[in-house]
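Participant:
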Amino acid sequence: MTTALCFDLDGTLVHYTRPYGDVVEATFEAHGITHDDDLEAVGRSAYQRAFDGLEPDPHRTAMAAVVAEAGVDADPDAMVETLRRNDYAATEVPDAARESLTTLAEDNQLAVVTNGVRDWQVGKLDHHDLTDLFDVVVASYEAGAHKPDAAPFDLLRERLPADEYVMVGDEYEADVEGARAAGFVPIHYEEEGPDLWATIEALL
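The working numbering applies: residue 16 is where the sequence shown begins, and numbers increase by one.
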């Protein structure tokens, strides 16, 4: 029996080393925009609306809203690229995760099922030299809906046939309830809980 072992990306494979607000603040300041909580909230709200609506570039929508609110002469596209660099630089992959994934990839089908824009999420995998460990990467944008909707899980099934699917993720609603409803076996990753990687290796 073949098993596809699927992972969420942010908060499961990749972890932030500092608050995301620091990433946003550094991005604003790099483009001459004075950061404050209200301005950050404008960007966050614009991003969320665009993301929920599957608009093509939610990051640019957010940066354009910030520029308009701040009344400054800044390039939203350049700000997006700065945000991307800062975002990737603020993340890390725990050594235990990297070692376990390398071992698991030798004898198992591995996949990523992540909410987000594909090129942004795959870029994060590339940044951490993880991409080649996975047979398939599915981002919610290409599925037309975000987890916990079944669409990302269904698209994964189309791209990676297997007898059984296991989903590992840190977001209970998206990764556990969504996976279970889609017929996947869910494993809830909790950073302070039992060692995830030892558990997975024991199960397999």
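Glycine included, every Cβ here is placed at the ideal spot set by N, Cα and C.
Nothing here was measured: the structure is a model prediction, and the numbers come from that model.
Less than 8 Å between the C-beta atoms of Gln124 and Ala19, yes or no?
Facilitator: Your numbering for residue 124 matches position 109 in the sequence shown. Your numbering for residue 19 matches position 4 in the sequence shown. Less than 8 Å separates the beta-carbon of Gln124 from that of Ala19.
Participant: Pull up the CB-CB distance for Ala197 and Ala165, whole angstroms please, since I reckon it's below 8 Å.
Facilitator: The count along the sequence shown starts at 1 and reaches residue 197 at position 182. The count along the sequence shown starts at 1 and reaches residue 165 at position 150. The Cβ separation is near 5 Å, so the contact holds.
Participant: On the three-state DSSP scale, how would you describe Pro73?
Facilitator: The residue labelled residue 73 in the question sits at position 58 within the sequence shown. Of the three classes helix, strand and coil, the one that applies to Pro73 here is helix, per DSSP.
Participant: Under the three-state reduction of DSSP, which class applies to Ile215: helix, strand or coil?
Facilitator: For the purposes of this step, residue 215 is taken as the residue at position 200 of the sequence shown. When secondary structure is reduced to three states using DSSP, Ile215 falls in the helix class.
Participant: Which two residues bound the contiguous alpha helix (DSSP H) that contains Leu170?
Facilitator: For the purposes of this step, residue 170 is taken as the residue at position 155 of the sequence shown. Note, Leu170: alpha helix (DSSP H), 166-174.
Participant: Count the CB pairs spanning the region 85-105 and the region 152-163 that are closer than 8 Å, and state whether there are at least three.
Facilitator: Contact fails: fewer than three Cβ-Cβ distances are below 8 Å.
Participant: Counting C-beta neighbours from all protein chains within 10 Å, is the total for Met182 16 or more, i.e. buried, or is it exposed?
Facilitator: As a working mapping, residue 182 is identified with position 167 in the sequence shown. Met182 comes out buried.
Participant: Considering only the beta carbon of each residue, do Leu54 and Ala85 sit closer than 8 Å?
Facilitator: The count along the sequence shown starts at 1 and reaches residue 54 at position 39. The count along the sequence shown starts at 1 and reaches residue 85 at position 70. In contact: Leu54 and Ala85 (Cβ atoms closer than 8 Å).
Participant: Grab me the residues of Thr42's own chain with a C-beta within less than 7 Å of its C-beta, minus the 5 sequence neighbours each way, in chain order.
Facilitator: Reading the sequence shown from its first residue, position 27 is the one you call residue 42. Only Met94, Thr97, Leu98, Asn101 meet the Cβ criterion.
Participant: With respect to the alpha helix (DSSP H) encompassing His142, which residues constitute its N-terminal and C-terminal limits?
Facilitator: Residue mapping note: residue 142 aligns to position 127 of the sequence shown, counting from 1. From DSSP, the alpha helix (DSSP H) with His142 extends over 133-142.
Participant: Which residues in the same chain have their Cβ closer than 8 Å to the Cβ of Glu186, if we skip the five residues on either side of it in sequence?
Facilitator: Working through the sequence shown from its first residue, we reach residue 186 at position 171. Only Asp23, Gly26, Lys162 meet the Cβ criterion.
Participant: Quick check on DSSP: helix, strand or coil for Asp90?
Facilitator: Here residue 90 refers to the residue found at position 75 of the sequence shown. Asp90: coil per DSSP, three-state reduction.
Participant: Here's the rule I'm using: 16 or more other beta-carbon atoms within 10 Å means buried, otherwise exposed. How should Tyr62 be labelled?
Facilitator: Here residue 62 is taken as the residue at index 47 of the sequence shown, counted from 1. Per the 10 Å Cβ criterion, buried.
Participant: Look at Asp178 and Met16 and say whether their C-beta atoms are less than 8 Å apart.
Facilitator: The residue given as residue 178 occupies position 163 in the sequence shown. The residue given as residue 16 occupies position 1 in the sequence shown. Taking 8 Å as the Cβ cut-off, Asp178 and Met16 qualify as a contacting pair.
Participant: Return helix, strand or coil for Tyr204, following the three-state DSSP convention.
Facilitator: Sequence index remark: in the sequence shown, residue 204 carries index 189 (1-based). The answer is coil: DSSP assigns Tyr204 none of H, G, I, E or B.
Participant: In angstroms with no decimal places, state the Cα-to-Cα distance between Ala105 and His142.
Facilitator: Looking up residue 105 in the sequence shown gives position 90. Looking up residue 142 in the sequence shown gives position 127. Those two C-alpha atoms are separated by around 11 Å.
Participant: Under the rule that 16 or more other beta-carbon atoms within 10 Å means buried, what is Tyr156, buried or exposed?
Facilitator: By one-based count along the sequence shown, residue 156 stands at place 141. It counts as buried.
Participant: Just to confirm the assignment, what range does the beta strand (DSSP E) spanning Phe43 have?
Facilitator: The residue given as residue 43 occupies position 28 in the sequence shown. Here Phe43 belongs to no beta strand (DSSP E); instead the alpha helix (DSSP H) covers 35-45.
Participant: Taking the straight line between their C-alpha atoms, what separation do you get for Ala189 and Ala45?
Facilitator: By 1-based counting over the sequence shown, the position of residue 189 is 174. By 1-based counting over the sequence shown, the position of residue 45 is 30. C-alpha separation (whole angstroms): 34 Å.
Participant: Answer yes or no: do Val108 and Leu28 have a C-beta to C-beta separation smaller than 8 Å?
Facilitator: Taking the first residue of the sequence shown as position 1, residue 108 is located at position 93. Taking the first residue of the sequence shown as position 1, residue 28 is located at position 13. Taking 8 Å as the Cβ cut-off, Val108 and Leu28 qualify as a contacting pair.
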